[in-house]
Amino acid sequence: MSQIAFITGATSGFGRAAARRFAEGGWSLVLSGRRKERLDELKAELESKVPVYVAELDVRDAKAVQDMVAALPEQFRAVKALVNNAGLALSPGPAQGVALEDWQTMIDTNVTGLVNVTHTLLPTLLETGAGASIINIGSVAGQWPYPGGHVYGATKAFVKQFGYNLRCDLISTGVRVTDIAPGMAETEFTLVRTKGDQSASDKLYRGTTPLTAEDIAEQIFYVATLPDHININRLEVMPSRQAWSSFAVDRD
Ligand SMILES: NC(=O)c1ccc[n+]([C@@H]2O[C@H](COP(=O)([O-])OP(=O)(O)OC[C@H]3O[C@@H](n4cnc5c(N)ncnc54)[C@H](OP(=O)(O)O)[C@@H]3O)[C@@H](O)[C@H]2O)c1
Numbered sequence: 031m032s033q034i035a036f037i038t039g040a041t042s043g044f045g046r047a048a049a050r051r052f053a054e055g056g057w058s059l060v061l062s063g064r065r066k067e068r069l070d071e072l073k074a075e076l077e078s079k080v081p082v083y084v085a086e087l088d089v090r091d092a093k094a095v096q097d098m099v100a101a102l103p104e105q106f107r108a109v110k111a112l113v114n115n116a117g118l119a120l121s122p123g124p125a126q127g128v129a130l131e132d133w134q135t136m137i138d139t140n141v142t143g144l145v146n147v148t149h150t151l152l153p154t155l156l157e158t159g160a161g162a163s164i165i166n167i168g169s170v171a172g173q174w175p176y177p178g179g180h181v182y183g184a185t186k187a188f189v190k191q192f193g194y195n196l197r198c199d200l201i202s203t204g205v206r207v208t209d210i211a212p213g214m215a216e217t218e219f220t221l222v223r224t225k226g227d228q229s230a231s232d233k234l235y236r237g238t239t240p241l242t243a244e245d246i247a248e249q250i251f252y253v254a255t256l257p258d259h260i261n262i263n264r265l266e267v268m269p270s271r272q273a274w275s276s277f278a279v280d281r282d
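At position 141 of the sequence shown the residue is numbered 171 (my numbering), and the sequence of numbers has no breaks.
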């Protein structure tokens with residue numbers, strides 16, 4: 031049985047931590063992202079442990095995704111776990127102040143990009159059959175509304191529902207689908223969301239105990255290595271020090 035993990039967004043955060051976790055577990059790795067130098071660094075770090083293939087890839091470009099998968103060397107072709115992790119949030123302020131371009135970038139990356147990769151790798155995963163996994167990184171924002179969540183939360187709701195619907199069609203194929211939905215986790219996520227505001231990122235995580243990238247990598251690896259007959263549909267993970275709050279009420 032092949033043990034190859036294909037991870038998008040492996041240059042940072044959950045994706046990079048997942049690459050390290052799968053390497054520890056002895057899996058071969060196909061790693062992608064837009065920042066090539068980071069991919070090269072990760073390959074140099076991990077290739078003494080396992081075979082590693084890296085490719086510069088923007089998931090928004092369907093043709094680039096197809097070409098990249100078509101060009102995979104033979105030893106990296108039989109993918110067993112697809113980790114659809116590449117994604118981002120932009121503009122944490124109210125919807126009424128957000129540039130259309132930011133909404134489009136989130137949709138293009140979190141929805142279209144994830145669909146591009148899933149569609150391209152589905153035949154491979156079907157060939158792998160029992161025990162293959164599609165592990166989508168959703169978010170608590172896909173389930174729970176909050177101020178400033180606007181399109182980001184909606185893209186993650188898509189990720190959740192797309193996964194559920196895939197499960198219906200893949201029921202007899204052995205290919206599993208999971209939506210891992212993290213809460214607050216300290217990665218480069220907030221730096222990207224605030225377009226480089228390190229102090230805003232530091233402030234968000236200060237004085238509490240957010241999840242780490244390694245916490246989520248552990249969940250991803252756990253889901254990918256469960257016995258073939260188990261499918262976790264959705265795994266929502268928050269720090270112990272995060273929970274919901276009350277409904278907002280506008281008053282005079
Ligand atoms: N951190 C959180 O609190 C949190 C909570 C819930 C869900 N999530 C989700 O978790 C996933 C990973 O985020 P993270 O927290 O690890 O943030 P991160 O540290 O910013 O990592 C995001 C990764 O996505 C990649 N990426 C972004 N746009 C891409 C594109 N167009 N094509 C290919 N790769 C792209 C980035 O690589 P390049 O820039 O090199 O392309 C990077 O490797 C995302 O889907 C995010 O929405 C995060």
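Think of the CB as a built atom: it goes at the ideal place given N, C-alpha and C, for glycine as much as any other residue.
{"Item": "Does the beta-carbon of Phe-44 have 16 or more other beta-carbons within 10 angstroms, so that it is buried, or is it exposed?", "Value": "buried"}
{"Item": "Please identify the residue among Ile-210, Arg-223 and Asp-282 whose C-alpha is closest to the C-alpha of Ile-262.", "Value": "Ile-210"}
{"Item": "Just to confirm the assignment, what range does the alpha helix (DSSP H) spanning Ile-262 have?", "Value": "Where Ile-262 is concerned, there is no enclosing alpha helix (DSSP H), given that its DSSP letter is neither H nor E."}
{"Item": "Which residue marks the beginning of the alpha helix (DSSP H) containing Asn-146, and which one marks its end?", "Value": "144–158"}
{"Item": "Using a Cβ-based criterion (distance less than 6 Å to any ligand heavy atom), does Gly-183 qualify as near ligand 1?", "Value": "no"}
{"Item": "With hydrogens ignored, establish whether the beta-carbon of Asn-115 is closer than 6 Å to any heavy atom of ligand 1.", "Value": "yes"}
{"Item": "How far does the beta strand (DSSP E) with Leu-256 in it reach, from first residue to last?", "Value": "Leu-256 -> no beta strand (DSSP E), and no H or E assigned at all."}
{"Item": "Considering only the beta carbon of each residue, do Leu-241 and Pro-212 sit closer than 7 Å?", "Value": "yes"}
{"Item": "Counting Cβ pairs closer than 8 Å, one from the region 44–62 and one from the region 94–106, do we hit at least three?", "Value": "yes"}
{"Item": "Can you tell me whether DSSP reads Thr-14 as helix, strand or coil?", "Value": "The requested residue 14 does not occur in the structure, where the chain is confined to residues 31 to 282."}
{"Item": "Give the DSSP-derived three-state secondary structure of Glu-77 in the structure shown.", "Value": "coil"}
{"Item": "Could you tell me which of Arg-264, Asp-282 and His-259 sits nearest to Asn-195, measuring between CA atoms?", "Value": "Arg-264"}
{"Item": "Which of the three DSSP states, helix, strand or coil, is assigned to Arg-277?", "Value": "Before going on, a small fix: residue 277 reads as Phe here, not Arg. Three-state result, Phe-277: coil."}
{"Item": "Spatial neighbours of Gly-143 within its chain, please: C-beta separation below 7 Å, excluding the five flanking residues on both sides.", "Value": "Val-89, Arg-90 and Ala-116"}
{"Item": "Please tell me whether, using a cut-off of 6 Å, the distance from the CB of Glu-131 to the nearest non-hydrogen atom of ligand 1 is below it.", "Value": "no"}
{"Item": "Buried or exposed for Ser-276, please, with buried defined as at least 16 other CB atoms from any protein chain shown within 10 angstroms of its CB.", "Value": "exposed"}
{"Item": "Roughly how many angstroms separate the alpha carbons of Pro-160 and Asp-280, rounded to a whole number?", "Value": "The identity of residue 160 in the sequence shown is Ala, whereas the question assumes Pro. Rounded to whole angstroms, Ala-160 to Asp-280 spans 52 Å at the Cα level."}
{"Item": "Considering only heavy atoms of ligand 1, does any lie closer than 6 Å to the CB of Met-214?", "Value": "yes"}
{"Item": "Does DSSP put Gly-63 in a helix, in a strand, or in coil?", "Value": "strand"}
{"Item": "For Ile-37, does the three-state DSSP call read helix, strand or coil?", "Value": "strand"}
{"Item": "Could you check if Ile-250 belongs to the surroundings of ligand 1, using beta carbon to heavy atom distance under 6 Å?", "Value": "no"}
{"Item": "Is the beta carbon of Ile-37 closer than 7 Å to that of Ser-58?", "Value": "no"}
{"Item": "When you compare only the Cα positions, how much space is there between Glu-157 and Ala-108?", "Value": "8 Å"}
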